[in-house]
Amino acid sequence: MWRKSSYSYPEGACVEIARPSLAQVLFRDSKVHEGPCVAVFSATAAAFVSALNRGDL
Numbered sequence: 002m003w004r005k006s007s008y009s010y011p012e013g014a015c016v017e018i019a020r021p022s023l024a025q026v027l028f029r030d031s032k033v034h035e036g037p038c039v040a041v042f043s044a045t046a047a048a049f050v051s052a053l054n055r056g057d058l
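Heads up: the sequence shown is residues 2 to 58, going by my numbering.
As structure tokens, then:
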């Protein structure tokens, strides 16, 4: 199941995530549901989000 943040704007321009397994996270553009997605390991996704929260990216 795809999810997006409750902080997202209704008109789109958001990133959605899905967790098909404990080891994997999928990212996609909320405006292009049938488009490609990026698959990463859960630890990589956690490190990415942590870097965003710290302001490193």
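Glycine included, every Cβ here is placed at the ideal spot set by N, Cα and C. Everything numeric in this text was worked out from a predicted model, so none of it was measured.
Counting other Cβ atoms within 10 Å of its Cβ, Arg-29 reaches 16 or more and is therefore classed as buried. Taking 8 angstroms as the cut-off, the beta carbon of Ser-43 is found closer than this to the beta carbon of Val-26.
Under the DSSP assignment, Ala-52 falls in the alpha helix (DSSP H) whose first and last residues are 43-55.
With distances taken between CA atoms, Gly-36 lies nearest to Val-16 out of Pro-11, Glu-12 and Val-16. Residues Cys-15 of the same chain have their beta carbon placed closer than 6 angstroms to that of Ser-9, with the five preceding and five following residues left out of the count.
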